[in-house]
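Please read the structure below before turning to the comments.
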Amino acid sequence: MERWENRVAVVTGASSGMGAAIAKYLANNKLVTVNLDINKEGHMTVIAEVNAVVRKRMHFIKCNVRKEDEINAAFREIEKNYGPIAVLVNNAGVVGDSFLLSENNSKEMLKVLETNLLAAVYCTREAFRSMKANDIGGHVFMIGSVCGHKVPIVPNNPLNLYPPTKFAIKALTEMYRQEFFGQNTKIKVTCISPGAVKTNLLNHPGNITPKLPAELNPNAIADLLIYCLQTPPDVHIHDVIIKPLGEMV
């Protein structure tokens, strides 16, 4: 991990769950991490869980990743205050509270689409610009889901546009791989697709999913991401599924 020391890593939605675990792991490995989120209180809770040395490497910029102008401004601030981006983790994600056929749910579907998909597009574009301008062989991570490989059958659970956006994340990963190579860069892109994870993602009013028999600790996702970062420059882990032992989906 020596080549990543003091490099800048941007993580979206790092105030809780997988994003928080990833940000802590990156900072523990001596990267300067910047959390793009609207939840500053959550960020303060996260940094309280690490020691003072690591805490100094963890930063927060209030940013609604549904808004392109806020993303663009955040990346300009990051480059000005911390330096060029070397690692991007597109982690922010939400699940809708209504079924696709529900009436008057257009705003909700737009929220899922903007958070899960368009935010990743905007952030990746800005991170790539910074990486290429500074000749950095960076790494972009797309946090997908097993729902992006196969739509689960979950009765009475309104997944809304969550599975379609995760299918799109998987497709985007391949598109970015081709474009990064086509732009004559050595930037890597990895899609990590977790199964069930112990997060608050499914704790919303419309969800009545029964307790799952097995769930991953968010640290398992962070550990996998660090493993991917440690691979030699000529090794590219492009697409990986990680599940808890015993998961049947």
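Residue numbering for the sequence shown follows my numbering, beginning at 92 and increasing consecutively. Quick reminder that beta carbons are idealized off the backbone N, C-alpha and C, glycines included.
Inter-residue Cα distance where the pair is Val245 and Ile162: Along the sequence shown, read from residue 1 onward, the residue named residue 245 stands at position 154. Along the sequence shown, read from residue 1 onward, the residue named residue 162 stands at position 71. Taking the straight line from one Cα to the other gives about 34 angstroms.
Identified DSSP bridge partners for Lys279: Counting from one through the sequence shown, the residue named residue 279 turns up at place 188. Note: Lys279 sits in a beta bridge opposite His230.
Member of Glu132, Glu96 and Trp95 whose CA lies at the smallest distance from the CA of Ser107: If you number the sequence shown from 1, residue 107 lands on position 16. Measuring from the Cα of Ser107, the nearest candidate turns out to be Glu132.
Pairwise C-alpha distance: Ala111 and Ala287: Mapped onto the sequence shown, residue 287 falls at position 196. Mapped onto the sequence shown, residue 111 falls at position 20. Taking the straight line joining both Cα atoms gives about 17 angstroms.
Three-way DSSP call (helix, strand, coil) for His327 in this model: Taking the first residue of the sequence shown as position 1, residue 327 is located at position 236. Three-state DSSP puts His327 in coil, outside helix and strand.
For Ala259, the three-state DSSP class (helix, strand or coil): Numbered from 1 along the sequence shown, position 168 holds the residue referred to as residue 259. Residue state, collapsed to three classes: helix.
Inter-residue spacing [alpha-carbon to alpha-carbon] between Tyr253 and Lys202: If you number the sequence shown from 1, residue 253 lands on position 162. If you number the sequence shown from 1, residue 202 lands on position 111. Roughly 11 angstroms separates the two Cα atoms.
Residue closest to Gly337, alpha-carbon to alpha-carbon, out of Glu306, Asp330, Val331 and His327: Position 246 of the sequence shown, counting from 1, holds the residue named residue 337. Looking at the Cα atoms, Glu306 is the closest of the given residues.
Whole-number beta carbon distance between Ile317 and Pro285, since they are thought to touch under 8 angstroms: Residue numbering aside, residue 285 sits at position 194 when the sequence shown is read from its first letter. Residue numbering aside, residue 317 sits at position 226 when the sequence shown is read from its first letter. Not really, about 15 angstroms apart at Cβ, beyond 8 angstroms.
Same chain only: Cβ atoms within 8 angstroms of Pro296, ignoring 5 sequence neighbours per side: Numbered from its first residue, the sequence shown carries residue 296 at position 205. For Pro296, the pLDDT reaches just 48, beneath the cut-off of 50, and the residue's location in the model is therefore unreliable, leaving the point undetermined.
Cβ-based neighbour list, Ile328, same chain, cut-off 7 angstroms, excluding 5 preceding and 5 following: Along the sequence shown, read from residue 1 onward, the residue named residue 328 stands at position 237. Closer than 7 angstroms at the Cβ level, and outside the excluded window around Ile328, lie Thr281, Cys319 and Thr322.
Per-residue DSSP class, three states only, for Val145: Taking the sequence shown and counting its residues from 1, the one referred to as residue 145 is at position 54. Residue state, collapsed to three classes: helix.
Nearest candidate by alpha-carbon position, reference Ala183, set Ile138, Asn126, Trp95 and Ala100: Here residue 183 refers to the residue found at position 92 of the sequence shown. Per the Cα distances, Asn126.
Close Cβ partners of Asn120 (< 7 angstroms) along its chain, the five nearest in sequence each way excluded: Within the sequence shown, the letter at position 29 stands for residue 120. Correct list, in chain order: Met92, Trp95 and Ile317.
Own chain, CB closer than 6 angstroms to Ser236, minus 5 neighbours either side, in chain order: On the sequence shown, residue 236 is found 145 positions in, with the first residue counted as 1. Result list for Ser236: Lys257 and Ser284, in chain order.
For Arg167 and Ile234, the rounded distance between their alpha carbons: Here residue 234 corresponds to residue number 143 of the sequence shown, with the count starting at 1. Here residue 167 corresponds to residue number 76 of the sequence shown, with the count starting at 1. Each residue's Cα considered, the two are about 23 angstroms apart.
Rounded C-alpha distance that separates Lys115 from Ala210: Indexing the sequence shown from 1 puts residue 115 at position 24. Indexing the sequence shown from 1 puts residue 210 at position 119. So the two alpha carbons sit approximately 22 angstroms from each other.
Element boundaries [beta strand (DSSP E), containing Thr124]: Position 33 of the sequence shown, counted from the start, is the residue given in the question as residue 124. Here the beta strand (DSSP E) through Thr124 covers Val123 to Asp128.
Per-residue DSSP class, three states only, for Pro254: Within the sequence shown, residue 254 is the residue found at index 163, counting from 1. Three-state DSSP puts Pro254 in a helix.
Between the CA atoms of Lys277 and Val326 - distance to the nearest angstrom: Numbered from 1 along the sequence shown, position 235 holds the residue referred to as residue 326. Numbered from 1 along the sequence shown, position 186 holds the residue referred to as residue 277. Approximately 11 angstroms, taken between the alpha carbons.
Rounded C-alpha distance that separates His230 from Ser197: In the sequence shown, residue 230 corresponds to position 139, counting from 1. In the sequence shown, residue 197 corresponds to position 106, counting from 1. If you take the alpha carbons of His230 and Ser197, they lie about 34 angstroms apart.
Cβ distance (whole Å) where Lys153 is taken to contact Ile129 below 8 angstroms: Sequence index remark: in the sequence shown, residue 153 carries index 62 (1-based). Sequence index remark: in the sequence shown, residue 129 carries index 38 (1-based). Between Ile129 and Lys153 the Cβ distance is about 6 angstroms, and since that is below 8 angstroms, they are a contact.
C-beta contact flag for Ala259 and Leu191 at 8 angstroms: The sequence position of residue 259 within the sequence shown is 168, counting from 1. The sequence position of residue 191 within the sequence shown is 100, counting from 1. No, the Cβ-Cβ distance between Ala259 and Leu191 is not below 8 angstroms.
Cβ separation of Ala118 and Arg98, assumed to be a contact under 8 angstroms, to the nearest whole Å: As a first step, residue 118 must be located in the sequence shown, where it is residue number 27. As a first step, residue 98 must be located in the sequence shown, where it is residue number 7. Actually they are not in contact, since the Cβ atoms of Ala118 and Arg98 sit about 12 angstroms apart, beyond 8 angstroms.
Alpha-carbon to alpha-carbon, Glu194 and Arg146: Locating residue 146 in the sequence shown gives position 55, counting from the first residue. Locating residue 194 in the sequence shown gives position 103, counting from the first residue. Whole-angstrom Cα-Cα distance: 45 angstroms.
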